[in-house]
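Before any comments, here is the structure.
Residue numbers (the working numbering), protein chains in the order written: chain A, 1 to 111; chain B, 1 to 118.
Structure, rendered in structure tokens:
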């Protein structure tokens, strides 16, 4: 079973920041938080991952709370092409390496 | 970097035939590859994990004799759906990861293969 919970859907206006929440209250100390997204009929796309520090790359920023029980993926300037299902996944680095996909959250960016 | 390809992107076959799907890591060597299946409006379900040069590890409920996996090189894994039936129609997606120092890195996914069995 997935160890994260996400709202089923969210809308965002084009050009605005999209803040996607994820709860992972049972996360272990050696588990990373990964974010992927899947645009319709395509394979998932890796976005970002982190352990406890905030992370930023060219796609997004990942903010992890100090207690690590939740995180927020931030798309700073959402575009229509960011419309997708976003998956927040916790995964042990160096363990079984499995990615367990939950239901994810459908982000719809509106013009 | 970190590009994974799949071939074919879609395939239609008759019931009872076998279908082979290829997964390639184009710009890195993938010690470990994963095969997922996704039904319409559902999430991805892991089918099996394959390590280069060894037998694949199948998830519970996945028939290893029906879904043959071969990972003969560090850049290629194949999934063969044997004696396909209409219920095998699905979106098959592979991912590839590099294992360094015993740690599996980020998984990168292929674009998927849509299989339709008539």
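Note that beta-carbon positions come from the ideal geometry of N, C-alpha and C, so glycine has one too.
Bear in mind that the values here come from a model prediction, so they are computed numbers and not experimental data.
Problem - Helix, strand or coil at residue 66 of chain A [DSSP, three-state] - result: coil
Problem - Rounded separation between residue 82 of chain B and residue 33 of chain B - CA only - result: 20 Å
Handout entry: Counterpart residues of residue 110 of chain A in DSSP-defined beta bridges
Key = A:13
Exercise for the section: Could you tell me whether the Cβ of residue 21 of chain B comes closer than 7 Å to any Cβ of chain C? Expected result: The structure shown contains no chain C; the protein chains it does contain are A and B.
Exercise for the section: Consider the Cβ of residue 44 of chain A: report whether some Cβ of chain B lies at a distance smaller than 7 Å. Expected result: yes
Exercise for the section: Could you tell me if residue 15 of chain A is buried or exposed, where buried requires 16 or more neighbouring beta carbons within 10 angstroms of its beta carbon? Expected result: So residue 15 of chain A counts as exposed.
Problem - Residue range of the unbroken beta strand (DSSP E) whose run includes residue 81 of chain A - result: Looking at the DSSP string, residue 81 of chain A is not in any beta strand (DSSP E), and its letter there is neither H nor E.
Exercise for the section: Have a look at the DSSP bridge pairing and note the partners of residue 89 of chain B. Expected result: BP columns for residue 89 of chain B are empty, so no partner.
Handout entry: DSSP state of residue 7 of chain B mapped onto helix, strand, coil
Key = strand
Problem - Short-range partners of chain B found in the region 47-62 of chain A, where Cβ spacing is below 9 Å - result: From the region 47-62 of chain A, only 49 have a Cβ closer than 9 Å to chain B.
Exercise for the section: Within the same chain, show all residues whose beta-carbon is closer than 7 Å to that of residue 89 of chain B, passing over the 5 residues directly before and after it, in chain order. Expected result: 115, 116 and 117
Practice task
Just the chain B side, please: which residues come within less than 9 Å of residue 99 of chain A by C-beta, in chain order?
Solution key: 34, 36, 44, 46, 95 and 107
Problem - Complete runs of the alpha helix (DSSP H) confined to the region 28-59 of chain B [at least 4 residues] - result: none
Practice task
To the nearest angstrom, report how far apart residue 75 of chain A and residue 50 of chain A are at their CA atoms.
Solution key: 16 Å
Exercise for the section: Report yes or no: is there a C-beta of chain B within less than 7 Å of the C-beta of residue 103 of chain A? Expected result: Chain B, which has a Cβ nearer than 7 Å to the Cβ of residue 103 of chain A, makes this yes.
Handout entry: 8 Å Cβ cut-off: residues of chain A touching residue 8 of chain B
Key = Residues of chain A passing the Cβ test: none, with the nearest at roughly 14 Å.
Handout entry: Burial state of residue 60 of chain B, where buried means 16 or more other Cβ atoms lie within 10 Å
Key = Under the 10 Å beta carbon count, residue 60 of chain B is surrounded by fewer than 16 other beta carbons and is classified as exposed.
Handout entry: Start and end residues, beta strand (DSSP E) containing residue 115 of chain B
Key = 113-117
Practice task
Tell me, please, which residues DSSP counts as bridged to residue 50 of chain A.
Solution key: A:33
Handout entry: Cβ of residue 112 of chain B within 7 Å of any chain A Cβ
Key = yes
Problem - Spatial distance of residue 33 of chain A from residue 73 of chain A (CA atoms) - result: 10 Å
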